[in-house]
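Visitor: In our numbering, the protein residues as written are 714 to 969.
1) Report buried or exposed for residue 719, applying the criterion of at least 16 other Cβ atoms within 10 angstroms of its Cβ.
2) Please go through the stretch 814-872 and give each complete beta strand (DSSP E) segment of 3 or more residues, from N-terminal end onward.
3) Apart from the five residues just before and just after residue 853, which ones in its own chain have a Cβ nearer than 6 Å to its Cβ?
4) From the DSSP output, in three-state form, read off residue 719 for me.
5) Is the stretch 878-896 touching the stretch 813-821 in the sense that three or more CB pairs, one from each, lie closer than 8 Å?
6) Closer than 8 Å is the cut-off here; do at least three beta carbon pairs connect the stretch 879-891 with the stretch 720-737?
7) For the stretch 786-803 against the stretch 838-848, are there 3 or more C-beta pairs whose distance is under 8 Å?
8) Under a three-way DSSP split, which group does residue 755 fall into?
9) Can you find the residues in the same chain that come closer than 7 Å, C-beta to C-beta, to residue 781, ignoring five residues on each side of it along the sequence?
10) So what does residue 763 bridge to, in DSSP terms?
11) For residue 920, count the other beta carbons within 10 Å of its own beta carbon; 16 or more makes it buried, fewer makes it exposed. Which is it?
12) Among 746, 806, 721, whose alpha-carbon lies nearest the alpha-carbon of residue 901?
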């Protein structure tokens, strides 16, 4: 079961792009999308409820409850070469069937809006971070669209050579090409697997989208989050070091 609750009528969009940022590793894709939504004053169009999202309600600090949902935003801005439709969610569906159902719903909705390309965002966990900057790994449904991102002047994009992309962020752009003839791509930024949030990776994705589509999304909020995460990481590293030194002192043999 998938039900859409309209919030505001979707206007006629000019050559729209669909940007997907579902929650995943280190919330990289979702943080990138939220940054664009906030920076470019996106308007909420719809809430989508799916019975394969986790079966619980979310309680806010005032005690009010709400159901998990997918939120659809739009941006109509004459200063941008494409209008935007943006999808994010509180969670991803819990089963493979649910992910495919949601992917088909999203792609079908994109087709109705005349979406020309679907771009999903997420995280890539390498064996190690080999560069002083975060790389953005590119895969897509056509060589032309892949090359479009590889030609980014950010200098951070790299071809994703083999492997798998799990979850909705991978399925949606592939499904859109197969069943709705909409070219798609997936942008995955380097991240560290132990981080709950990685705004540095999200920033790398937003910078590629800014450069390729002249979005002008402000990354200052991500910069602030980066500083906060680095501060917490430094404190954790300090405490772990102190604990390790304490344990070494306690296990040191007594010599008289």
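C-beta: ideal position from N, C-alpha, C; glycine also.
Guide: Based on what the coordinates show:
1) exposed
2) 830-837, 849-853, 870-872
3) 859, 898
4) strand
5) yes
6) yes
7) no
8) coil
9) 766, 767, 771, 803, 804
10) 715
11) buried
12) 746
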